[in-house]
Amino acid sequence: MNDAETVMAHCDELAAFTEEPGRITRPYASESLRRAQETVIAWMREAGMAVTRDNVGNLRARYDGTGRSTLLLGSHLDSVRNAGRYDGPLGVMVAIAAVRRLHDSKHRMPFAIELLAFADEEGLRFGTTYLGSRALAGTFDEAVLAHADAGGITLADAMRSFGGDPSAIEDDHRNGDDLLGYFEVHIEQGPVLEARGLPVGVVESIVGQNRFHITFIGEAGHAGTVPMDRRHDALVVAAMFVIAVEHEARTHEGLVATVGQLEVHPGAANVIPDRVSLSVDVRHADDQTRLDVCGRIIDHAHTLAEGREIAAEVLPVSEHAAVKCSQELVSLLTDSIERSGYEALRLTSGAGHDGVEVSNLTGIAMLFVRCKGGVSHHPAESVTTEDVEIALDVTSRFLEQLARR
Ligand code: GLV
Ligand code: MN
Ligand code: MN
């Protein structure tokens, strides 16, 4: 097997670690993540790295260099529900393969490589994003330790049962003084590279993002006896709100907004819903546009609720400004792609990545790999071995270029 085939085989192997047989669902601090990590630790060790796990649950593998500085490489091992097999694992596997090449040829770079396999990028279990990279970057909000998952387990308890100490989360905060930057390979999750006939591309920036949890509180009642003009139906307001969110997105160029979760209480066919909770995710490359639209969306929640004499509670869950990649690393990466014989198309990432948090510590760069049909967060997510081989070669060249700098 060549290196790219090994990367693909490892992504296939990791796909078997899931909480839901038949589909990939690997949340933070789950048994499936623990088993995936054990497998990945063995691959990291085979590649010559010393591995530790921090309190939040990230794997940190180190390949020493001859100098004092360090380059961070990495991506995440958790997944969304019913995920594809490349979002996250691809970046970790390409990074391991790149280090293994160095190890096999007994080569030491002038800098150390620290390979991070983040424990939570998607936020599936606790609704937050980037728990792993936040802990590393020192931006972890300890208030979220009290948040509970759908089964009532708090983040603090989940972290403890995963082997970490939530009271020592500050110990995970890495000092950035020795860092040269952070580099992540990731599936594009969009259609641009495929449309342009290119195997890889350079990320220039990552869009800003807000998440909210909104609850509409009306009044339950008998579906057969309460007249229509006396109802305070929380689901009807939620439905109007979902349409309003879509309208905001459609009328602001470049803006995307999604209601991806909806819980209806009490959830019976013959009871008027009294309580509906939903999630809202809003993204745009321009921070002011995003913030303006978020304000309008919150106004819609209140206005629509008032119109039906019900209450609306708006809980901000997370907020990230748009992040620009390091100009210096972007130009090194551009050069590495061109030396590999390809055009280095620059892209804006509409998806969020751990680099958003890591950018609080050091400059970041990302290499996107062509994605079949632009499909991601879906089991049909697909990359080719040929493209992965190119991504791995570009990564090796990028390390060489950085060493020469
Ligand atoms: C993560 O994949 C996100 O963009 O939500
Ligand atoms: Mn994802
Ligand atoms: Mn991802």
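Per our numbering, residue 1 is the first one in the sequence shown, and the count goes up by one each step. Note that CB positions come from ideal geometry on N, CA and C, so glycine has one too.
Val330 and Gly307 have their C-alpha atoms some 50 angstroms from each other. In this structure, ligand 3 has no non-hydrogen atom nearer than 7 angstroms to the beta-carbon of His320. For Arg34, the enclosing alpha helix (DSSP H) stretches over residues Glu31 to Glu46. Under the three-state reduction of DSSP, Pro227 is assigned to coil, being neither helix nor strand. With a threshold of 7 angstroms, the Cβ atom of Glu381 does not count as near ligand 1, since no heavy atom of the ligand is closer than that.
In the assembly as shown, Pro273 is a buried residue. Its beta-carbon has 16 or more other beta-carbons within 10 Å. Those residues whose C-beta sits under 5 angstroms from the nearest heavy atom of ligand 1 are, from N- to C-terminal order along the chain, Ala351 and Gly352. For Leu262, the closest of Leu235, Arg100 and Asn270 by C-alpha to C-alpha distance is Leu235.
When rounded, the separation of the alpha-carbon atoms in Val358 and Tyr182 is 7 angstroms. In the three-state reduction of the DSSP assignment, Asp281 falls in the strand class, which pools E and B. In this structure, the beta-carbon distance from Thr70 to Ala112 falls below 8 angstroms. Apart from sequence neighbours up to five positions away, the residues of its chain that approach Leu345 with a beta-carbon distance below 8 angstroms are Val192, Leu193, Arg196, Leu198, Gly201 and Val202, ordered along the chain. Within the model, the alpha-carbon separation for Leu145 versus Phe126 is close to 10 angstroms.
If you measure from each CB to the nearest heavy atom of ligand 3, the residues under 5 angstroms come out as Asp87 and Gly88.
When beta bridges are read from the DSSP output, Leu332 appears opposite no residue. With a cut-off of 8 angstroms on Cβ pairs, the stretch 348–362 is not in contact with the stretch 162–169, counting fewer than three such pairs. Scanning the stretch 93–128 from its first residue to its last, no whole alpha helix (DSSP H) run of 4-plus residues comes out. Distances between the C-beta of Val203 and the heavy atoms of ligand 2 are all 7 angstroms or more. Thr348 is bridged by DSSP to Ser205. Around the Cβ of Met228, a 10 Å sphere holds fewer than 16 other Cβ atoms; the residue is exposed. Across the set Ala158, Leu304, Ser279 and Ser133, the C-alpha of Ser279 shows the shortest separation from the C-alpha of Val317. Following the DSSP letters along the chain, one finds Ala234 inside the alpha helix (DSSP H) bounded by residues Ala234 to Arg250. For the pair Ser340 and Phe118, the Cα-to-Cα distance works out to about 29 angstroms.
When DSSP states are grouped into helix, strand and coil, Pro89 belongs to the helix group.
C-alpha of Gln288 to C-alpha of Gly355: approximately 21 angstroms in a straight line. Distances taken from the Cβ of Val80 to the heavy atoms of ligand 2 include one shorter than 7 angstroms.
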